[in-house]
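Quick mapping for you: the protein sequence lines, in order, are chains A and B. Just so you know, we're using the working numbering here: the first sequence kicks off at 3 and counts up by one. Just so you know, we're using the working numbering here: the second sequence kicks off at 3 and counts up by one. For each residue, glycine too, the CB sits at the ideal point set by N, CA and C. Notes follow once the structure below has been shown.
Number of protein chains: 2
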Amino acid sequence: MARLAGVSQATVSLVLGARKQGVAISEETRQKVLDAVRALGYVPDPAASRLAAARNNLLGVFSFTSTFPTDVQHSYYPFLVGVEQEAAARGFDLVLFTGSSTGGAGAAGPQALNRVRLADGCLFLGRHAPADELLRLVADGFPVVHLGRRDELEGLAWVGADYISASRTVVARLAALGHRNIVLVREDDDAPASTDREHGFLKGLEEAGLSGGPAAVFRSADPRRELTAERLRGWLDEGVTAFVAEETDTGDAWRALCDAARDAGVDCPRDASLALLGSPPPDLAGDPVPTGFDVPRPQLGAAAVRLLAALVAGEEATEPLVACAFRTGATAGPAPGHP
Amino acid sequence: MARLAGVSQATVSLVLGARKQGVAISEETRQKVLDAVRALGYVPDPAASRLAAARNNLLGVFSFTSTFPTDVQHSYYPFLVGVEQEAAARGFDLVLFTGSSTGGAGAAGPQALNRVRLADGCLFLGRHAPADELLRLVADGFPVVHLGRRDELEGLAWVGADYISASRTVVARLAALGHRNIVLVREDDDAPASTDREHGFLKGLEEAGLSGGPAAVFRSADPRRELTAERLRGWLDEGVTAFVAEETDTGDAWRALCDAARDAGVDCPRDASLALLGSPPPDLAGDPVPTGFDVPRPQLGAAAVRLLAALVAGEEATEPLVACAFRTGATAGPAPGHP
DNA sequence: GCGCATTACTAATACGCATTAGCGATCCGG
DNA sequence: CCGGATCGCTAATGCGTATTAGTAATGCGC
């Protein structure tokens with residue numbers, strides 16, 4: 003023990019603790035301690051520190067699928083970039099839990115989620131975590147943050163992207179370019195991510211003083227089949243000059259829109275504008291870059307960590323929505339006949 | 003505390019400890035405890051476990067740079083796939099320690115690595131971890147495994163890819179295709195990964211009964227500039243029929259080789275064969291797929307975890323080298339004039 | 001019915017640090 | 001020269017677990 007070497011005892015703790023506590027230490031003693039520490043090569047045992055501090059500086063990251071899936075496409079990587087940075091900045095280390103693995107013993111029984119309690123709090127990715135277990139944690143006062151909108155679970159803290167504002171902005175941009183007749187192509191999905199976009203779209207129309215009737219939204223379970231070149235031509239003949247697609251897992255809405263436009267012989271930025279409410283699938287990422295918005299995944303991860311840190315610290319902070327960044331892209335231009 | 007809920011106290015420890023100690027527990031009590039544990043969602047505090055000189059089923063993963071870099075190219079992702087799988091299979095959870103973060107305070111003092119002692123053992127990625135700190139951990143008996151060859155540090159356990167055998171195999175394949183005159187293009191780097199490849203290359207030549215003089219190795223600090231089409235032509239005129247490039251961070255050796263071959267008007271698999279000792283940079287990954295070998299990164303990660311688990315268990319196991327998989331590819335074919 | 005073994009548990013302790021109350025010394029105003 | 005305040009440090013306690021020593025209860029042989 004360093005205390006024996008130096009002259010003191012748990013004064014060491016005060017010196018090394020660097021707390022801004024009210025306890026005063028003379029410079030002389032401080033140096034004596036530091037010298038002894040150096041001489042002995044003393045290093046504080048983190049286990050003891052964390053035990054004494056009743057706080058182990060660990061944040062859990064729980065994903066039902068593996069955190070590092072073999073299929074990189076479908077990974078949480080972009081979120082984790084932000085999660086790691088923010089956690090590091092706040093002095094937290096991350097514990098990775100995966101639904102498939104969790105439980106040491108192997109069996110991912112109903113106990114699976116309990117293991118996260120060894121951390122100070124836990125971040126949940128993906129919507130596969132069983133709701134009742136999640137709520138149990140929350141009810142027990144364990145700090146939990148869900149990455150992705152989770153309105154339906156009372157009391158569960160979450161952070162999500164602000165699809166409504168982002169979609170509204172896209173429509174506003176199109177309107178500013180002179181488009182007075184815009185159609186939204188969406189898939190047949192009632193996920194919040196999907197309905198939010200429609201909300202934002204309609205809100206954007208309204209704010210621009212445009213017609214937002216049901217005809218403005220084309221909803222299809224299989225857009226790649228149903229969104230044909232003829233249909234597109236029909237819209238164009240009716241005076242539609244811009245088309246907006248929602249982002250989905252498969253990117254089908256956007257793909258269908260692009261294909262239809264090509265098949266119909268439409269010169270994209272000139273004859274009609276296209277926009278994507280989100281990010282394109284990798285194979286359609288460039289050439290041309292879709293006009294639309296990007297979900298700032300790293301920032302989402304960071305925001306989630308901030309929220310979680312606040313909860314761990316006993317604060318009541320809320321920071322649910324993160325703004326998306328508008329992506330100018332190259333698929334939208336002035337409406338035909340617009341200055 | 004679970005003890006209050008159940009009926010007992012630190013009997014809990016005995017039940018959960020699953021130690022094959024001589025202390026007997028009746029099946030009835032054991033069940034009572036387990037039920038209480040389940041009801042409360044009790045999880046042993048990892049810090050307390052460690053402090054009491056026991057395991058907590060946590061393995062650390064320490065990377066000096068962030069584990070999830072913004073620049074995905076240079077990421078540890080492929081390794082972590084294997085690390086996560088193997089750790090899960092063995093009932094360990096992973097703790098991510100990021101070097102950059104260390105200390106929240108910002109200054110990554112000499113204590114940087116110390117946090118990892120909270121876990122049962124720790125895996126180190128990248129060669130930026132300070133050697134003295136690493137050796138300190140080793141000296142203290144803390145289980146440490148370095149992912150990537152680390153011969154120079156006495157006593158440090160590591161796992162690495164067997165570049166020697168893999169490179170030898172590539173040469174053997176080329177020899178089997180009738181190539182009698184092969185040149186290795188390497189960069190001016192003395193990293194083990196680089197010298198190992200040269201070793202394997204020369205060994206392969208030797209075993210094939212080919213000349214392995216210094217002329218067989220072309221070493222350049224800037225191959226993209228120095229490996230010109232003329233130089234390539236020169237070699238071809240001297241009877242060289244196959245070229246082998248080492249893999250580097252930038253992929254410059256391979257890139258230079260491909261460019262030179264193209265500029266010289268060489269029809270790749272027919273006029274001359276090319277092979278790459280490793281994986282190509284992403285932009286050269288396909289069309290044609292380079293003949294060579296793949297570093298089995300996930301397997302490397304898994305092997306590292308196995309080794310670490312062995313160390314944690316107090317065994318002396320060694321499993322340093324992992325075999326690489328030969329990649330047939332499309333850039334190598336029979337030597338001109340070979341059946 | 002008395003020692004001795006065995007079984008099934010519990011009380012007590014150690015682990016290494018953070019934190020708090022408290023103690024002696026010095027200082028300062030009156 | 002005295003009471004109170006401030007400074008600088010230390011003794012003591014608690015964090016939650018694993019482990020060891022020890023105790024009560026039961027069984028068994030003679």
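Check: Stretch-stretch touch, CB-based, cutoff 8 Å, three pairs: the segment 182 to 191 of chain B with the segment 205 to 218 of chain B; Outcome: yes
Check: Between the CA atoms of D269 of chain A and E232 of chain A - distance to the nearest angstrom; Outcome: 15 Å
Check: Every unbroken alpha helix (DSSP H) within the segment 137 to 215 of chain A, with a cutoff of 4 residues, ordered by chain; Outcome: 165 to 178 and 194 to 209
Check: Any C-beta of chain B under 8 Å from that of Y79 of chain A; Outcome: yes
Check: Beta-carbon separation (whole angstroms), F126 of chain B vs L149 of chain B, contact threshold 8 Å; Outcome: 7 Å
Check: Sub-8 Å separation of V307 of chain B and E88 of chain B beta-carbons; Outcome: yes
Check: Residue burial classification, L284 of chain B (beta-carbon count within 10 angstroms, cutoff 16); Outcome: Note on residue identity: the sequence assigns Pro, not Leu, to residue 284 of chain B. Exposed: under 16 other Cβ atoms inside 10 Å.
Check: DSSP bridge partner residues for V324 of chain A (one or two, in chain order); Outcome: A:A163
Check: Cβ shell of A55 of chain B (< 6 Å), same chain only, five flanking positions each side left out; Outcome: none
Check: Per-residue DSSP class, three states only, for L229 of chain B; Outcome: coil
Check: Same chain, Cβ closer than 8 Å to G108 of chain B, neighbours up to 5 away in sequence not counted; Outcome: In this predicted model, G108 of chain B has a pLDDT of only 38, less than 50, meaning its place in the structure is not dependable; the value taken from the coordinates is given anyway. So no residue of the chain qualifies.
Check: C-beta atoms of R329 of chain B and P80 of chain B nearer than 8 Å; Outcome: no
Check: Run of the alpha helix (DSSP H) containing F81 of chain B, from where it starts to where it stops; Outcome: Y79 to A91
Check: Coarse secondary structure for E30 of chain B, derived from DSSP in three states; Outcome: helix
Check: Close Cβ partners of L62 of chain B (< 6 Å) along its chain, the five nearest in sequence each way excluded; Outcome: According to the sequence displayed, residue 62 of chain B carries Gly and not Leu. Hits under 6 Å: V97, F99, V118, A121 and C124.
Check: Residue span of the alpha helix (DSSP H) that contains R299 of chain A, given as start and end; Outcome: R299 to V314
Check: Terminal residues of the alpha helix (DSSP H) in which D273 of chain A lies; Outcome: C270 to D273
Check: Classification of A325 of chain A by the beta-carbon crowding that lies within 10 angstroms, buried from 16 upward; Outcome: exposed
Check: Residue burial classification, E248 of chain B (beta-carbon count within 10 angstroms, cutoff 16); Outcome: buried
Check: Interface residues of the segment 295 to 324 of chain B facing chain A [CB-CB below 7 Å]; Outcome: none
Check: Counted within 10 angstroms of its Cβ, other Cβ atoms place L42 of chain A as buried (16 or more) or exposed; Outcome: exposed
Check: DSSP three-state assignment for G19 of chain A, whether helix, strand or coil; Outcome: helix
Check: Proximity winner among A:A141, A:R129 and A:D296, relative to N116 of chain A (alpha-carbon distances); Outcome: A:A141
Check: Coil, strand or helix - T293 of chain B by DSSP; Outcome: strand
Check: Residue from B:D239, B:H340 and B:A287 whose Cα sits closest to the Cα of A266 of chain B; Outcome: B:D239
Check: DSSP-derived helix/strand/coil call for E317 of chain B; Outcome: coil
Check: Supposed close pair G335 of chain A, L179 of chain A - CB separation, criterion 8 Å; Outcome: 7 Å
Check: Minimum Cβ-Cβ distance from F328 of chain A to chain B less than 8 Å; Outcome: no
Check: Limits of the alpha helix (DSSP H) - the one that A263 of chain B falls within; Outcome: D254 to D265
Check: Partner residues on chain B for L42 of chain A, Cβ-Cβ distance less than 7 Å; Outcome: In chain order: nothing, as chain B lies at least about 12 Å away.
Check: Residues of the segment 176 to 200 of chain B whose Cβ lies closer than 9 Å to any Cβ of chain A, in chain order; Outcome: none
Check: is_contact[F126 of chain A, chain B] using C-beta, thresh 8 Å; Outcome: no
Check: 8 Å contact criterion, which L139 of chain B and A50 of chain A should meet: CB distance rounded; Outcome: Not a contact, Cβ separation roughly 17 Å.
Check: Span of the beta strand (DSSP E) around S65 of chain B; Outcome: L60 to S65
Check: Cα-Cα separation between T230 of chain B and A258 of chain B, rounded to whole angstroms; Outcome: 8 Å
Check: Chain-ordered chain B contacts of F70 of chain A [CB-CB under 7 Å]; Outcome: Y79, L82, V83 and E86
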